[in-house]
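Notes to accompany the following structure.
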Amino acid sequence: MNKTIRLILGDQLNSHHTWFKTVDNSVVYVMMEIRSETDYATHHIQKIVGFFAAMQSFCAELKSKNHQVLYIHLNDETNLHSFEKNIQNLVSIHNFTHFEYQLPDEYRVDLDLKNLCQSLSITNSVVDSEHFFTTREELGLFFEGKKTFVMESFYRMLRKKHTVLMDGNNPLTGKWNYDGENRKKLPKNHKATWPLVFANDVTEIYNQIQLTTIKTIGTIDAKAFVWPINRIQSLRLLDFFLAECLPLFGSYQDTMSPNEWSLYHSRISFSMNLKMISPQEVIDKAIQEWGKRPEEIAYNQLEGFVRQIIGWREYMRGIYWLKMPEYGTMNFFNNQEKLPDWFWTGNTKMNCLKDAITQSLNYAYAHHIQRLMITGNFALLAGIHPDELDAWYLGIYIDAIEWVEITNTRGMSQFADGGIVGTKPYVSSASYIDKMSHYCGSCFYKKELKTGKKACPFNSLYWNFYDRNEAKLSENPRIGMMYSAWKKMKPEVKVALLEQADYYLKNINEL
């Protein structure tokens, strides 16, 4: 008799997948909690717990619909802690005749599963995960023969192809992109909507992890885990965002404020990246909500959100599959430094970094501007090796899976790819941070000072970065103004700035 074993990865919890449309007694699904997945980076405890809780919930859902599921728990005696060994073991025990899996999203796992298939003596096949708007190859084909990969043109193509916010062949309203209207600072004393959080009891999973030697970072309240762990909770979080946050999302998506960890962000990236909800339904629901409340939800709020989903998310995945594995080793500036110790504790006198890092340790989350213009900005100015920051981002954030993390880190944040993703390095002095946040006013360092004991480190490190990398950046048309300003400075001012930066870099753990 033919018997099929189907592997479901921890980020493939898509209950609407074709696989699950019919119940077939000759098909057995397998899910596994394995050390090869917990140990490839030092993960936040909430990330590992969140994955396992969502996997266990999905397993229960499949069983409730009469699918046959084998679930290998972390501490099961028979767990061999690799996809290959566990599958080989199950094939020999249960006499499976065919192995199937869905296309994984990570290059590393893709190789693992291809090697697994070669090692098996039974037939195998692979199917799509049925989640994304695009195939792995679509971006590469779209930009074939081009030297640059402009996200905006890819975004417009996808809008047309999938008829999203379109009026025939033209964008609804006649304008494609409202990014310029989405950069407002939160007004003083403005209290953002209190975020929806869950109170999932994940004590048993947490206790099982504590029995192992798995190394983790961050904190957790195992009796009240705040993240969604199933499709129902994920949809609740999406509905909350659409009802309460979307009306102000676009305007304030780049703003930062102390002790406001969620603001008007959706926080659905964890749910989407595990495929508990799909990008198609997220966009459909957002457009429906705007259609119901056009007076309350201005179009720029909606377009900014849609662009993140169908534009940026799909673009980053396309770059990943086009450029890996070389992308994972790119280091355009040849940066070599280690992350400061306080990236693991939040113990720094710089308010913006203290807040972003502490929040990340407490919630396994920071929004995109905290990642890009606070932690990422500092790391680039300080010459941190991209491998160091990669590992930190991949480990600390609950939504970080390599296909989306590494392109944002090495490309957008660190310019380590030399300009594949971004047209210029995203660096700033204190002025941008002050413009977009409420961090600077109460900081130990003074935003207006460039040199001296209390000078904001971002100021001297900013000019030191441009001076250090002049040979590689001076021809970049987007930053010519910076080099004009640098050249006009008096020699003694330049020397003072570079000496200040050198002092800070040599004493980086004391900042």
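The numbering of the sequence shown is our numbering, which starts it at 86 and goes up by one. Glycine residues also receive a C-beta, built at the ideal position from the N, C-alpha and C atoms.
C-beta contact flag for residue i and residue j at 8 Å
{"i": "L191", "j": "I486", "result": "As written in the sequence, residue 191 is Glu, which differs from the Leu given in the question. Against a cut-off of 8 Å, the Cβ pair of I486 and E191 comes out as a contact."}
{"i": "Q187", "j": "S214", "result": "yes"}
{"i": "V212", "j": "E185", "result": "yes"}
{"i": "I90", "j": "I172", "result": "yes"}
{"i": "A449", "j": "E345", "result": "no"}
{"i": "I362", "j": "I353", "result": "yes"}
{"i": "I299", "j": "A138", "result": "no"}
{"i": "H453", "j": "Q421", "result": "no"}
{"i": "N385", "j": "Y263", "result": "yes"}
{"i": "G303", "j": "Q444", "result": "no"}
{"i": "L127", "j": "T301", "result": "Reading the sequence as shown, one finds Thr at residue 127 and not Leu. Going by C-beta atoms, T127 is nearer than 8 Å to T301."}
{"i": "S347", "j": "P280", "result": "yes"}
{"i": "G598", "j": "G403", "result": "Given a span of 86 to 596 for the chain in the structure shown, any question on residue 598 remains unanswerable."}
{"i": "N554", "j": "Y511", "result": "no"}
{"i": "L159", "j": "E122", "result": "no"}
{"i": "S498", "j": "N544", "result": "no"}
{"i": "W427", "j": "N594", "result": "yes"}
{"i": "T360", "j": "L98", "result": "Note on residue identity: the sequence assigns Lys, not Thr, to residue 360. In this structure, L98 lies closer than 8 Å to K360 by Cβ."}
{"i": "K538", "j": "F418", "result": "no"}
C-alpha gap between residue i and residue j, whole angstroms
{"i": "A405", "j": "T494", "result": "As written in the sequence, residue 405 is Tyr, which differs from the Ala given in the question. Taking the straight line joining both Cα atoms gives about 12 Å."}
{"i": "F310", "j": "M140", "result": "15 Å"}
{"i": "T492", "j": "R378", "result": "35 Å"}
{"i": "E560", "j": "I459", "result": "26 Å"}
{"i": "L446", "j": "M401", "result": "25 Å"}
{"i": "L590", "j": "A467", "result": "7 Å"}
{"i": "S238", "j": "D195", "result": "29 Å"}
{"i": "G342", "j": "G335", "result": "A quick correction: the sequence has Ser, not Gly, at residue 342. The alpha-carbon atoms of S342 and G335 are separated by roughly 16 Å."}
{"i": "H129", "j": "N436", "result": "22 Å"}
{"i": "Q203", "j": "E169", "result": "10 Å"}
{"i": "I305", "j": "Q393", "result": "28 Å"}
{"i": "N432", "j": "K439", "result": "6 Å"}
{"i": "D484", "j": "V282", "result": "16 Å"}
{"i": "Y240", "j": "F217", "result": "14 Å"}
{"i": "L243", "j": "F227", "result": "11 Å"}
{"i": "G565", "j": "D472", "result": "29 Å"}
{"i": "A328", "j": "R456", "result": "26 Å"}
{"i": "P542", "j": "W312", "result": "35 Å"}
{"i": "H152", "j": "S111", "result": "10 Å"}
{"i": "N87", "j": "Y156", "result": "21 Å"}
{"i": "S319", "j": "D286", "result": "16 Å"}
{"i": "S522", "j": "Y337", "result": "10 Å"}
{"i": "K423", "j": "S167", "result": "31 Å"}
Local conformation of residue i per DSSP, three classes
{"i": "H129", "result": "strand"}
{"i": "D109", "result": "coil"}
{"i": "Q153", "result": "strand"}
{"i": "E345", "result": "coil"}
{"i": "R402", "result": "helix"}
{"i": "I302", "result": "strand"}
{"i": "L224", "result": "helix"}
{"i": "I486", "result": "coil"}
{"i": "R120", "result": "helix"}
{"i": "M458", "result": "helix"}
{"i": "N315", "result": "coil"}
{"i": "N99", "result": "coil"}
{"i": "M357", "result": "helix"}
{"i": "A138", "result": "helix"}
{"i": "T508", "result": "coil"}
{"i": "E146", "result": "helix"}
{"i": "M251", "result": "strand"}
{"i": "E229", "result": "coil"}
{"i": "P605", "result": "With the chain covering 86 to 596 only, the question about residue 605 has no answer from this structure."}
{"i": "I394", "result": "helix"}
N-terminal and C-terminal residue of the alpha helix (DSSP H) that residue i is part of
{"i": "N385", "result": "384 to 391"}
{"i": "T288", "result": "288 to 295"}
{"i": "M492", "result": "Residue identity check: residue 492 is Thr in the sequence provided, not Met. Careful: T492 lies outside any alpha helix (DSSP H) and carries neither H nor E."}
{"i": "R378", "result": "No alpha helix (DSSP H) holds R378; DSSP gives it neither H nor E."}
{"i": "F310", "result": "Looking at the DSSP string, F310 is not in any alpha helix (DSSP H), and its letter there is neither H nor E."}
{"i": "D339", "result": "First-last for D339: undefined, no H or E at that position."}
{"i": "V580", "result": "576 to 591"}
{"i": "D426", "result": "Where D426 is concerned, there is no enclosing alpha helix (DSSP H), given that its DSSP letter is neither H nor E."}
Extent of the continuous beta strand (DSSP E) to which residue i belongs
{"i": "V212", "result": "208 to 212"}
{"i": "T443", "result": "Counting along the chain, T443 falls outside any beta strand (DSSP E), though it belongs to the alpha helix (DSSP H) covering 436 to 448."}
{"i": "R91", "result": "89 to 92"}
Counting only runs of 3+ residues fully inside the region 161 to 202, write out the beta strand (DSSP E) ranges in chain order.
Counting only runs that start and end inside the region 161 to 202, the beta strand (DSSP E) elements of at least 3 residues fall at 183 to 187.
Sequence ranges, alpha helix (DSSP H) only - wholly within the region 510 to 535, length at least 4:
Every alpha helix (DSSP H) of 4 residues or more that sits fully in the region 510 to 535 is shown, in chain order, as 515 to 521.
Would you list, in sequence order, the uninterrupted beta strand (DSSP E) runs of no fewer than 3 residues that lie entirely inside the region 543 to 571?
Those beta strand (DSSP E) runs which fall completely within the region 543 to 571 and span 3+ residues do not exist here.
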